[in-house]
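Okay, so the sequence shown: first residue is 227 according to the numbering used here, each after it adds one. Here a beta-carbon is modelled for each residue, glycine too, at the ideal position from N, C-alpha and C. Owing to the predicted nature of the structure, the values given are computational and were not obtained by experimental measurement. Contents: one structure, followed by commentary.
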Amino acid sequence: MNILFVGEAVSGFGGIETVLKKVTGFLASDSEAQHAYTLYFLCRDDRMDKTWLQGKHNVCHRSGIKISFLRRLSHIFALARYIKQNKPDVVIAFDSLSCRIAAQAIQRSQKSIPLLSWMHYSLDHKKHAEQVLYADYHLAISSGIKQQLINRSVPAERISVVFNPVTPQSTVIPHPAGTENTVFIYVGRLKFEGQKRLKDMLDALSGLRGKWECHFIGDGSDAAICQDYAREQGISDRVHWHGWQADPWGYIQENIPSVSALLLTSSFEGFGMVLVEAMSYGIYCVSSDCPSGPGDIIRNGINGQLYPPGDLSALQKILFSLIQDKPLPDTEKIKKSIYNFYDKNYYINFIEKINLVLEKNHSLKK
């Protein structure tokens, strides 16, 4: 199978890059099936960081045309030529604007190739999201995104939920001993309100009694606002800011010897990758039941707990129960609870879903 991935230039440091690196790695190392792939990027200039693409088959088509309509045409013509010359079996667009460009390029190439969307963000919170409807079929990384597509009149049978992959870990990050502080962590961008809603987390923490501490691993434009707010709430002695770390989980293992729970207070997610990453180390997770992702991952009482987004009293109640020595599930049980998200199982499901699309497309051509 020859897969052409198409998307706009990316920073090299985000979640989509992580998943693309993994999936293309799976394709390249699959000895049973000979798969080929190309990562095709639509770029305005040559500034995209390509370090993460080392060893990956990739093409960057650059168009510096300032008028967006003409720039889009330039990308369409170039992509149509590439499709004609390389004859992919399927095209997968990983952002909404690229769905439109890829659809028009396929049409211009006069090839009967299925186009799949593979969005890595909530459609309800993204500009130009409606352009995802140019795709023939859709890979959804969460049940919530599937529902968002259905709400946009996409037939359910044209949507496959594939989630995101996480690598199983051989080590665990243990729970604190009974006499130690309850230890909470947050891993991600520091956004006071907006998507990450760290204000909610700090408000909930400020009302807690007992022995606890919270560690923030990450950086962002609101770092100073978050730190000032923690001081205003009188919890600066319990809250620790570690900044951005290239390897956050390695850093946590070296600097935070035990963890009670990872916290996520987002108003929305695409998937909630940090949850499965934490669970792969046996960490219990407390998250808002936001659209979309956490509800697919967290099984209440087994690997974490969900609370209604914005309901600070519900969040506080969960956190207080952890401080009161509520017994946490065994770390190995938490790790096993995300079996279907582990790399091997993810890849099997991913390929199965694409093969189903190819079968449907083949039957339509008869």
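Coil, strand or helix - residue i by DSSP
{"i": "S462", "result": "coil"}
{"i": "R415", "result": "coil"}
{"i": "Q531", "result": "strand"}
{"i": "S322", "result": "helix"}
{"i": "G251", "result": "helix"}
{"i": "F288", "result": "Reading the sequence as shown, one finds Arg at residue 288 and not Phe. Three-state DSSP puts R288 in a strand."}
{"i": "E558", "result": "helix"}
{"i": "T277", "result": "helix"}
{"i": "N377", "result": "helix"}
{"i": "S396", "result": "coil"}
{"i": "L584", "result": "helix"}
{"i": "A262", "result": "strand"}
{"i": "F576", "result": "helix"}
{"i": "V236", "result": "coil"}
{"i": "D229", "result": "One detail in the question is off: residue 229 reads as Ile in this sequence, not Asp. The answer is strand: DSSP assigns I229 an E or B state."}
{"i": "L434", "result": "coil"}
{"i": "I332", "result": "helix"}
{"i": "I549", "result": "helix"}
{"i": "R457", "result": "helix"}
{"i": "A382", "result": "helix"}
{"i": "R307", "result": "helix"}
{"i": "H401", "result": "coil"}
{"i": "Q421", "result": "coil"}
{"i": "G241", "result": "helix"}
{"i": "K337", "result": "coil"}
{"i": "H351", "result": "helix"}
{"i": "D426", "result": "helix"}
{"i": "S589", "result": "helix"}
{"i": "S447", "result": "coil"}
{"i": "S300", "result": "helix"}
Buried/exposed call for residue i, threshold 16 Cβ in 10 Å
{"i": "R435", "result": "exposed"}
{"i": "R423", "result": "buried"}
{"i": "N529", "result": "buried"}
{"i": "S486", "result": "buried"}
{"i": "A254", "result": "exposed"}
{"i": "K292", "result": "exposed"}
{"i": "D522", "result": "buried"}
{"i": "Y533", "result": "buried"}
{"i": "K372", "result": "buried"}
{"i": "P483", "result": "exposed"}
{"i": "D362", "result": "buried"}
{"i": "N390", "result": "buried"}
{"i": "E503", "result": "buried"}
{"i": "T405", "result": "exposed"}
{"i": "I564", "result": "buried"}
{"i": "G527", "result": "exposed"}
{"i": "K310", "result": "exposed"}
{"i": "R326", "result": "buried"}
{"i": "F239", "result": "exposed"}
{"i": "I574", "result": "exposed"}
{"i": "H354", "result": "exposed"}
{"i": "D454", "result": "exposed"}
{"i": "K570", "result": "exposed"}
{"i": "T196", "result": "It is not possible to answer for residue 196, since the shown part of the chain is limited to 227 through 592."}
{"i": "F418", "result": "buried"}
{"i": "H346", "result": "buried"}
{"i": "L230", "result": "buried"}
{"i": "A472", "result": "exposed"}
{"i": "H588", "result": "exposed"}
According to DSSP, residues forming a beta bridge with residue i
{"i": "W344", "result": "L365"}
{"i": "V409", "result": "E439"}
{"i": "V387", "result": "A366"}
{"i": "V316", "result": "I229"}
{"i": "Y568", "result": "V392"}
{"i": "F295", "result": "According to DSSP, F295 bridges with nothing at all."}
{"i": "F267", "result": "G233 and C286"}
Cβ-heavy atom distance, residue i to the ligand ZN, below 8 angstroms
{"i": "I523", "result": "The ligand ZN is absent from the structure shown, which contains no ligand whatsoever."}
- Message: Any contact between the stretch 476-493 and the stretch 402-416? By contact I mean 3 or more CB pairs, one from each, below 8 angstroms.
- Response: Short answer: they touch.
- Query: On the three-pair Cβ rule with 8 angstroms, is the stretch 337-346 touching the stretch 311-324?
  - Reply: Flag = yes, the stretch 337-346 and the stretch 311-324 touch.
- Report the residue ranges of all alpha helix (DSSP H) runs contained in full by the stretch 467-528; include only those spanning at least 4 residues, in chain order. Qualifying alpha helix (DSSP H) stretches, in chain order: 474-481, 499-505 and 520-523.
- Task: Could you tell me whether the stretch 535-549 touches the stretch 435-448, using the rule of 3 or more Cβ pairs below 8 angstroms?
- Result: yes
- Does the stretch 551-561 touch the stretch 399-406, meaning 3 or more C-beta pairs lie closer than 8 angstroms? They touch, by the three-pair rule.
- Message: Under 8 angstroms, with one C-beta from each stretch per pair, do the stretch 484-503 and the stretch 452-472 reach the 3-pair mark?
- Response: no
- Message: Check whether the stretch 376-384 and the stretch 273-283 are in contact - that is, three or more C-beta pairs closer than 8 angstroms.
- Response: Fewer than three Cβ pairs drawn from the stretch 376-384 and the stretch 273-283 lie within less than 8 angstroms of each other, which leaves the two stretches out of contact.
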